[in-house]
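Trainee: Here it is, the structure in full.
Residue numbers (the working numbering): 136 to 257.
Given below as structure tokens:
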């Protein structure tokens, strides 16, 4: 809306307003996601000898059959897609663990290796 108060031509004002509206639609979702991440508990996954804890939900270790890594999993109502780990539990149940683009490639590889080791050591 600042584009309306520029001392510029009408054409430039229209372009500024359109760019602002498009920018809110594109960058606004990422801003909301980052704001949520700032107040969210910074634990991706917790585990002990018998269970894996994801988003406050306990998953018995014996129920986990496979771990997958996907490049773009949808997150919430915003429609943002983020890299994620997917736990296959049973026949149809899949639990997604989104990484929210905050992990480096090395960190994702370490977490994947640790989770695979945990799942395979039953």
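In this text, a Cβ means the ideal position worked out from N, Cα and C, and glycines have one as well. Just so you know, these numbers come straight off a predicted model, no measurement behind them.
For residue 157, report the span of its beta strand (DSSP E) as first-last.
Mentor: The residue labelled residue 157 in the question sits at position 22 within the chain shown. No beta strand (DSSP E) contains residue 157, which is instead part of the alpha helix (DSSP H) from 145-174.
Trainee: Which value, in whole angstroms, describes the spacing of the CA atoms of residue 256 and residue 186?
Mentor: Counting from 1 along the chain shown, the entry for residue 256 is found at position 121. Counting from 1 along the chain shown, the entry for residue 186 is found at position 51. Roughly 13 Å between the two C-alpha positions.
Trainee: Could you work out which residue in 149, 248, 220 is closest to residue 233 when comparing CA atoms only?
Mentor: Here residue 233 refers to the residue found at position 98 when the chain shown is read from its first residue. Nearest of 149, 248, 220 to residue 233, Cα basis: 220.
Trainee: On the DSSP bridge assignment, give the partners of residue 253 in chain order.
Mentor: Taking the first residue of the chain shown as position 1, residue 253 is located at position 118. Its beta-bridge partners do not exist; DSSP assigns none.
Trainee: Return the Cβ separation of residue 179 and residue 199 in integer angstroms, given the expectation that the two are a contact with Cβ distance under 8 Å.
Mentor: Indexing the chain shown from 1 puts residue 179 at position 44. Indexing the chain shown from 1 puts residue 199 at position 64. Residue 179 to residue 199, Cβ: 15 Å. No contact.
Trainee: In the DSSP assignment, what residue or residues form a beta bridge with residue 223?
Mentor: Counted from its first residue, the chain shown places residue 223 at position 88. Residue 223 pairs with 201, 229.
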